[in-house]
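S.K.: This is the structure I have questions about; it appears just below.
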Amino acid sequence: MEIGNTYNRAFYEEYISSLFYLGPDSVIYGGTVSWVANEPEGSKVEVYLRAGNSPQIDTSWTNWVYIQNNGDSIPQTLFGKHYLQYRLWLTYQKPTLVPNLEKISFNILTSPPSLLKIFPDTSFFVHPSDSVIYEIKAVYTGENNEMVYLYTQGTHAGWNAKLTDTTGSLIDTILLIPDDTLLFNLKIYSPQFPSPFEADTTFVKGYLISNPLKRDSAMIITSITGNLSLIVEPDTQGVTNPGITISYPLRIINTGEFKDSILLSHTNSSTSYATYITDSTGATIIDFAKTFPSDTAKIILWVTPLPSTPDSQNTTEVFAKSSWDTLIYDSALVTTYLYHLPFLMVEPDTFSYANPQDTVKYKLRVINNTDSNDTVQLSFHHTQNWDARITDTLGNPINNIYVSARDTEFLFFELYTPQNVQGGIRDTAFVKGISENNGITDSARCITEINLSALVLIEPDQQKTAPPGSSITYYLKVINSGNAQDIINVFILSTQWAQNLLYDSLTNSPLPDYNNDGYQDVVLYPGTSQTIFVNVNVPQNATPSQQDLTTVQAVSTNVPNVWDNATLLTTVEKIFYLLEFEPDTEISLPYNSSALIPLYALFQGNSSDYVEIEWNYSDTNLNIELRDSSGINPLIDNNQNGNADMGICQPGDKNYLSLYVKTPGFNYSASDTHDMCNINFKAYLSSYPTLYDSAKVKIYLIPPLHIHNYASPFSAKEGTNFFISVPENGRGALEIYSRLGKK
1 MEIGNTYNRA FYEEYISSLF YLGPDSVIYG GTVSWVANEP EGSKVEVYLR
51 AGNSPQIDTS WTNWVYIQNN GDSIPQTLFG KHYLQYRLWL TYQKPTLVPN
101 LEKISFNILT SPPSLLKIFP DTSFFVHPSD SVIYEIKAVY TGENNEMVYL
151 YTQGTHAGWN AKLTDTTGSL IDTILLIPDD TLLFNLKIYS PQFPSPFEAD
201 TTFVKGYLIS NPLKRDSAMI ITSITGNLSL IVEPDTQGVT NPGITISYPL
251 RIINTGEFKD SILLSHTNSS TSYATYITDS TGATIIDFAK TFPSDTAKII
301 LWVTPLPSTP DSQNTTEVFA KSSWDTLIYD SALVTTYLYH LPFLMVEPDT
351 FSYANPQDTV KYKLRVINNT DSNDTVQLSF HHTQNWDARI TDTLGNPINN
401 IYVSARDTEF LFFELYTPQN VQGGIRDTAF VKGISENNGI TDSARCITEI
451 NLSALVLIEP DQQKTAPPGS SITYYLKVIN SGNAQDIINV FILSTQWAQN
501 LLYDSLTNSP LPDYNNDGYQ DVVLYPGTSQ TIFVNVNVPQ NATPSQQDLT
551 TVQAVSTNVP NVWDNATLLT TVEKIFYLLE FEPDTEISLP YNSSALIPLY
601 ALFQGNSSDY VEIEWNYSDT NLNIELRDSS GINPLIDNNQ NGNADMGICQ
651 PGDKNYLSLY VKTPGFNYSA SDTHDMCNIN FKAYLSSYPT LYDSAKVKIY
701 LIPPLHIHNY ASPFSAKEGT NFFISVPENG RGALEIYSRL GKK
């Protein structure tokens, strides 16, 4: 093989070693490098080192570092790395005298790598529309204080994750002291209507701002827990004839914490009765009903005895089961009698919803199943102190009713709900009948529940302007226009600049969370309101016309799908607070000369603007022009408002223009001349005319040195006048000579 570099015949050669790996738990912390080499005259072996943290050469690797002497220490720039590599550079002058390396060795001191640890991995349970706080710990085993960037990742749709310090303030960076443990919190908010089996996995991640490769994460699993519960009611009974269908209004109440599709089914004690279930309109046969937590679904059970039924009664059990867990169920018993069985019946038991100030009419029937005519005495009692009465079918109040043998008569039980009654209040009334013939009694139960209506308002929508760095307070009124006391959740739905807290305007303190659902609340009785406020902080570096739209939402907890928004639009306004037009100048110019005088405008504010120039001067013998900063082009009306301006100027900059002055030639025949000109300037901002400044330029004309006279000096009668011009003020001497030179 030919000696030397075979690529370009140069007298050098390079060798780069493989990578040496110290292992995952060790990094370079010191040591030395030594070698044994033969270096004939004119030759040399140079050793270079580099280190990194990856098995591929990437940005984690250092540059090559030259090792000056055999036995030198490993440079500190290579410390903290897992991988090491060396390079040899062999040079020579004669091909017969080439160097060689017999051995190279490293005495490496190692230490465990500095680590960032975020822990623990943990899990817990949370109720729907609730939150749970996890205590997270972070520790760094390095040598110096380090800033760590924190963030969350992986949070499922509908869930929300926030990182806070131990006081509840939002954070995204923390300062870690070596080997010290810092506590912070992860707050997980569950969805409003999750499934009972839903779970969220959120990763709390962090990395060193100085070295993003040093990172760690903790896995947090939050599972939904809560109560599945429901009620189907009421147990009721009715009477009909064979072949005649009777209907029973029923209700299903979701008393659990989850939105649920309630599965419906029913069984009959007698096979000679036909039954089915419909929605509250009676038009659609159903086998399930969708409900929200605390919501009620109305259904109707229809029962038809067969025309030739041998059974005098039938009990239908209506089952309502949770679709999440069919072991969660309830049932209502509905008994249907045929007319010939009881001697006296007052029916049916029934249920109805009503609004405040409604009149509810329950149509009842009194059945005489005896062979004798009967007069039935009527009365009622109920649980609420509401007005009520019993009437015949014509609306006349009655306290008894005549019923022929084996016959049925109808009546109405009328109930009047108060105007100011709250939603959810229930009245249970018993309408009782007593037979005059045999004293047999029966009663019908009429249950009336006031509809829970919710109407939440938050107002008004507002628009305000503010300068950068300022804070705006928006006052809002939350109004409960529903018919029941309501815990109204209020929260910031979207914003860039608003504080994440809402305040009570009376106490100036943050609104509390009365129901511990993770949201601030106001508790309002029907028809009442409360004033709250939110602060919007405009950033110091905000630009003019930049906007923030803050949306504040108010949500009823009585009926969670009832809500209202208030929108707060904050616009950054232009602000100017200083304008200088400089300098005041005095200048002396000879006659028949010209000059450019620089002037500038300096203003402070948060926006560029046009600087308008108004000016006047006292001497028209001068040729005066306003020009741009180059002194070449005349100043024009850039913004087309009829006035010369300096164009768009930037705040904080000295924006220059030029005053061009051309002086006239000297008039030697004039008996008097104007030797000074005053030029007055006024500069103001186009969008802020009340902010202005002025400057004055005084121009003194320097005449040439000249003396002459007019009229004859030898005519004593007329006399003679001498005209003298001098370039500056001062004492002078006048000597007069005759034509013969006599003084």
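Quick note: the sequence shown uses my numbering, first residue 1, plus one each step.
We put the CB at the ideal spot given by N, CA and C, even for glycine.
(1) How many Å lie between Tyr-134 and Thr-155 at the Cα?
(2) Report the residue from Leu-394, Ile-487 and Trp-386 whose alpha carbon sits nearest the alpha carbon of Ile-749.
(3) Look up Gln-76 in the DSSP assignment and say whether it is helix, strand or coil.
(4) May I have the straight-line CA-CA distance separating Tyr-519 from Asn-537, to the nearest angstrom?
(5) Short check: CB of Leu-116 to CB of Asp-216, under 8 Å?
(6) Give me the residue from Trp-324, Phe-184 and Pro-99 with the minimum Cα distance to Ile-171.
(7) Tell me the DSSP secondary structure of Ile-3 in three-state form.
(8) Tell me whether Lys-654 sits in a helix, a strand or coil according to DSSP, three-state version.
(9) Run through DSSP, which three-state label would Phe-491 get?
(10) Is the distance from the Cβ of Phe-767 to the Cβ of Ser-261 below 8 Å?
(11) Whole angstroms is fine: what's the gap from Lys-298's alpha carbon to Gly-527's?
(12) How many Å lie between Ser-618 and Ile-679 at the Cα?
(13) With the cut-off set at 8 Å, would you say Pro-664 and Asn-592 are in Cβ contact?
(14) Determine the DSSP secondary structure at Gln-746, reduced to helix, strand or coil.
(15) Between which two residues does the beta strand (DSSP E) containing Thr-173 stretch?
(16) If Gln-604 and Leu-578 are in contact, beta carbons under 8 Å, what's the gap, nearest whole angstrom?
(17) Relative to the C-alpha of Arg-251, which residue among Ile-244, Ser-229, Gly-238 and Asp-279 is closest?
(18) Pull up the distance between the alpha-carbon of Ser-17 and that of Asp-72, whole angstroms please.
(19) Would Val-334 pass as a contact of Thr-236 if the rule is Cβ separation under 8 Å?
(20) So Val-346 and Asp-442 are in contact, right, with Cβ under 8 Å, and what is the actual spacing, rounded?
(21) Which value, in whole angstroms, describes the spacing of the CA atoms of Thr-370 and Tyr-339?
(22) Tell me which residues share the same chain as Ser-671 and place their Cβ nearer than 6 Å to its Cβ, disregarding the 5 neighbours each side in the sequence.
(23) The beta strand (DSSP E) with Gly-23 in it runs from where to where?
(24) Taking only runs that begin and end inside the segment 589-626, name each unbroken beta strand (DSSP E) of 3 or more residues, in chain order.
(25) Give the secondary structure of Ser-671 by DSSP, where H, G and I count as helix, E and B as strand, and everything else as coil.
(26) Helix, strand or coil for Leu-502 per DSSP?
(27) What's the gap between the Cα of Tyr-600 and the Cα of Val-697?
(28) Classify Leu-734 as helix, strand or coil using the three-state DSSP reduction.
(29) Since I believe Gly-226 is in contact with Pro-128 (beta carbons under 8 Å), could you give me their beta-carbon distance rounded to a whole number of angstroms?
(30) Whole angstroms are fine: how far does the CA of Thr-141 sit from the CA of Thr-110?
(31) How far does the beta strand (DSSP E) with Gly-42 in it extend, from its first residue to its last?
(32) Check each candidate in Pro-95, Arg-50 and Gln-56 and name the one with the smallest Cα separation from Ala-10.
(33) From the DSSP output, which residues share a beta bridge with Ile-699?
(34) Which partner residues of Tyr-744 appear in the DSSP bridge assignment?
(35) Do you know how far the Cα of Tyr-416 is from the Cα of Pro-343?
(36) For Asn-616 and Glu-625, what's the separation of their Cα atoms in angstroms?
M.R.: Taking the coordinates as given:
(1) 14 Å
(2) One cannot answer for residue 749 here, as it falls past the ends of the chain, which runs 1 to 743.
(3) helix
(4) 22 Å
(5) yes
(6) Phe-184
(7) With a pLDDT of only 43 at Ile-3, under the threshold of 50, the placement of this residue in the model should not be trusted; the figure read from the coordinates follows. Looking at Ile-3 - three-state DSSP - the assignment turns out to be coil, as it is neither helix nor strand.
(8) In this structure, Lys-654 counts as coil in the three-state DSSP scheme.
(9) strand
(10) No answer is possible for residue 767: the residues shown for the chain start at 1 and end at 743.
(11) 28 Å
(12) 7 Å
(13) yes
(14) With the chain covering 1 to 743 only, the question about residue 746 has no answer from this structure.
(15) 173-176
(16) 4 Å
(17) Asp-279
(18) In this model, Ser-17 and Asp-72 are separated by some 19 Å (Cα to Cα).
(19) yes
(20) With 8 Å as the limit, Val-346 and Asp-442 qualify as a contact, their Cβ atoms being about 5 Å apart.
(21) 10 Å
(22) Annotation note: pLDDT 49 at Ser-671 (below 50); position unreliable, no value reported.
(23) No beta strand (DSSP E) contains Gly-23, which DSSP labels as neither H nor E.
(24) Taking only runs of at least 3 residues, the beta strand (DSSP E) segments lying wholly in the segment 589-626 are 594-605 and 609-617.
(25) Low confidence applies to Ser-671: its pLDDT is 49, below 50, so where it sits in the model is not reliable enough to give any reading.
(26) coil
(27) 13 Å
(28) coil
(29) With 8 Å as the limit, Pro-128 and Gly-226 qualify as a contact, their Cβ atoms being about 6 Å apart.
(30) Roughly 15 Å separates the two Cα atoms.
(31) That residue, Gly-42, is in no beta strand (DSSP E); it is neither H nor E in DSSP.
(32) Pro-95
(33) Ile-587 and Cys-677
(34) Since the first and last residues shown for the chain are 1 and 743, residue 744 lies out of range.
(35) Strictly speaking, residue 343 in this sequence is Phe, with Pro absent from that position. Cα to Cα, Phe-343 sits roughly 31 Å from Tyr-416.
(36) Taking the straight line from one Cα to the other gives about 11 Å.
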